[in-house]
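>
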Amino acid sequence: MNYLYNLLFLFTVGLMCSTSAIAHINGISGQSQTGCTGAACHVVAANAATSVTMIGATGTITVAQGAQRNFSAFVAHATQQAAGINISVKNGAGANAGAFEAGTGLQLLNGELTHVAPQPMTGTPRGVAFNFVWTAPFVPGTYTLRAAGNAVNNSGNPVGDVWNFMAPITIIVPGVQVTAPNGNEQWCRGSSRNITWTSSGIAFVNIDVSTDNGGSWLNVATKLPATPATYPWQIPVGYVPSGGYLIRVSDNADANTSDQSNASFYILPTPTITEHPTMDSVCVGQPKHSA
1 MNYLYNLLFL FTVGLMCSTS AIAHINGISG QSQTGCTGAA CHVVAANAAT
51 SVTMIGATGT ITVAQGAQRN FSAFVAHATQ QAAGINISVK NGAGANAGAF
101 EAGTGLQLLN GELTHVAPQP MTGTPRGVAF NFVWTAPFVP GTYTLRAAGN
151 AVNNSGNPVG DVWNFMAPIT IIVPGVQVTA PNGNEQWCRG SSRNITWTSS
201 GIAFVNIDVS TDNGGSWLNV ATKLPATPAT YPWQIPVGYV PSGGYLIRVS
251 DNADANTSDQ SNASFYILPT PTITEHPTMD SVCVGQPKHS A
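Heads up, the sequence shown is in our numbering, so the first residue is 1 and it goes up one at a time.
1. Would you kindly work out how many angstroms separate the C-alpha atoms of Gly98 and Val89, rounded to a whole number?
2. So for Ala40, helix, strand or coil by DSSP?
3. Out of curiosity, what's the CA-to-CA distance linking Gly94 and Thr230?
4. If we ignore side chains and look at the alpha-carbon of each, how far apart do Val209 and Thr257 end up?
5. Would you say Thr122 faces chain C, with C-beta separation under 8 Å as the test?
6. Excluding sequence positions up to five away, which residues of its chain have a Cβ less than 8 Å from the Cβ of Ala78?
7. So the beta strand (DSSP E) Phe100 belongs to, where does it begin and stop?
8. Closer than 8 Å by C-beta to Ala203: which residues in its own chain qualify, once you throw out the five before and the five after it? Chain order, please.
9. Would a C-beta distance cut-off of 8 Å place Val178 and Ile235 closer than the cut-off?
10. What residue range is occupied by the uninterrupted beta strand (DSSP E) comprising Pro168?
11. Kindly provide the ranges of any alpha helix (DSSP H) runs that are 4 or more residues long and lie completely inside the segment 172 to 210, ordered along the chain.
12. Rounded C-beta distance between Ser200 and Ile172? I'm assuming under 8 Å.
13. Rounded to whole angstroms, what is the Cα-Cα separation between Ser72 and Gly214?
14. Which partner residues of Lys90 appear in the DSSP bridge assignment?
15. Assign Val240 to one of two classes, buried (16 or more other C-beta atoms within 10 Å of its C-beta) or exposed (fewer than that).
16. Tell me which residue opens and which closes the beta strand (DSSP E) that Ile247 is part of.
17. Might you give, ordered along the chain, the residues of its own chain that have their beta carbon closer than 6 Å to the beta carbon of Thr104, omitting 5 neighbours on each side?
18. In three-state terms, what does DSSP make of Thr278?
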């Protein structure tokens, strides 16, 4: 009986391993940063015999907000038959960023790209290109493009497969966002208030103000360092009190890269004290009645 149980156990383990070995023939996500390190994956360690590169893109690149860029990821190995890949673009918090359009041999999976099946390697150097389009988000910031590729021998099991990472590529989506005043604030003329913003890929900014809900703009400051992202604004005493004020912050080198308050804010008149309080005294515990 024990012999039968042992056979059954070995058969079950063998079936699980076999299933794990072929589970990702049709693609996998979540591996572009960690690599193929799980029990259901291929060999544990990355291997330099496989190279993963992004043709024409290395280090740091810039993509405008909402712009599309074509990419071609290339997985190469001197002797293997085919390759698969997992590609992602993440923000600093690890969330997917932008939008992918899958090319031939690729598919979308959990917001990332992966192969639909191992793609044959050809040519010299021996490899396969995975082409795709990425659309940048409309939120300025710094994002990271990653990929992990696996060169396989098409044996149906992980033995002999060789994977590796691509060197991460930093994508800067330049832009600026006004954070204050951003709508419905009530600021007094003659007072000093901080105009604040966030930016990415910008060295210097200009600040403008509109007194008529964006109908026209007046310059407040020019060529300020983008960081620290704050400017102490002395609000002119001559401004007419109203609720139609907006602030705009723009790239000093590209006026088209700009942002303004999400909604108008108020400039109020400076309060005037017409009567000062009268000095008086009262004994502890005794009531004081106003005249």
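Glycine residues also receive a C-beta, built at the ideal position from the N, C-alpha and C atoms.
In short, the structure shows the following:
1. Indexing the sequence shown from 1 puts residue 98 at position 98. Indexing the sequence shown from 1 puts residue 89 at position 89. Answer to the nearest angstrom: the Cα atoms are 7 Å apart.
2. Indexing the sequence shown from 1 puts residue 40 at position 40. Legend: pLDDT at Ala40 = 49, less than 50; position of this residue unreliable, no value from coordinates given.
3. On the sequence shown, position 94 is the one that residue 94 refers to. On the sequence shown, position 230 is the one that residue 230 refers to. Cα to Cα, the separation comes out at about 27 Å.
4. Walking along the sequence shown from the start, residue 209 turns up at place 209. Walking along the sequence shown from the start, residue 257 turns up at place 257. Val209 and Thr257: Cα-Cα distance of roughly 16 Å.
5. As a matter of chain content, chain C is missing from the structure shown, which is built from one protein chain.
6. Counted from its first residue, the sequence shown places residue 78 at position 78. The residues are Ala49, Pro125, Arg126.
7. Taking the sequence shown and counting its residues from 1, the one referred to as residue 100 is at position 100. Per DSSP, Phe100 belongs to the beta strand (DSSP E) from 99 to 102.
8. Here residue 203 corresponds to residue number 203 of the sequence shown, with the count starting at 1. Here the set comprises Pro225, Ala226, Asn252, Ala253.
9. Translated into the one-based positions of the sequence shown, residue 178 becomes position 178. Translated into the one-based positions of the sequence shown, residue 235 becomes position 235. In this structure, Ile235 does not lie closer than 8 Å to Val178 by Cβ.
10. Stepping through the sequence shown from its first residue, residue 168 is reached at position 168. First-last for Pro168: undefined, no H or E at that position.
11. none
12. For the purposes of this step, residue 200 is taken as residue 200 along the sequence shown, with counting starting at 1. For the purposes of this step, residue 172 is taken as residue 172 along the sequence shown, with counting starting at 1. The pair is a contact, with the Cβ atoms about 6 Å apart (cut-off 8 Å).
13. Counted from its first residue, the sequence shown places residue 72 at position 72. Counted from its first residue, the sequence shown places residue 214 at position 214. C-alpha separation (whole angstroms): 42 Å.
14. In the sequence shown, counting from the first residue as 1, residue 90 sits at position 90. Beta-bridge pairing links Lys90 to Asn96, Thr144.
15. Residue numbering aside, residue 240 sits at position 240 when the sequence shown is read from its first letter. With fewer than 16 Cβ atoms within 10 Å of its Cβ, Val240 is classed as exposed.
16. Here residue 247 is taken as the residue at index 247 of the sequence shown, counted from 1. First-last of the beta strand (DSSP E) with Ile247: 242 to 251.
17. Counting from one through the sequence shown, the residue named residue 104 turns up at place 104. There are no such residues.
18. Taking the first residue of the sequence shown as position 1, residue 278 is located at position 278. Correct three-state label for Thr278: coil.
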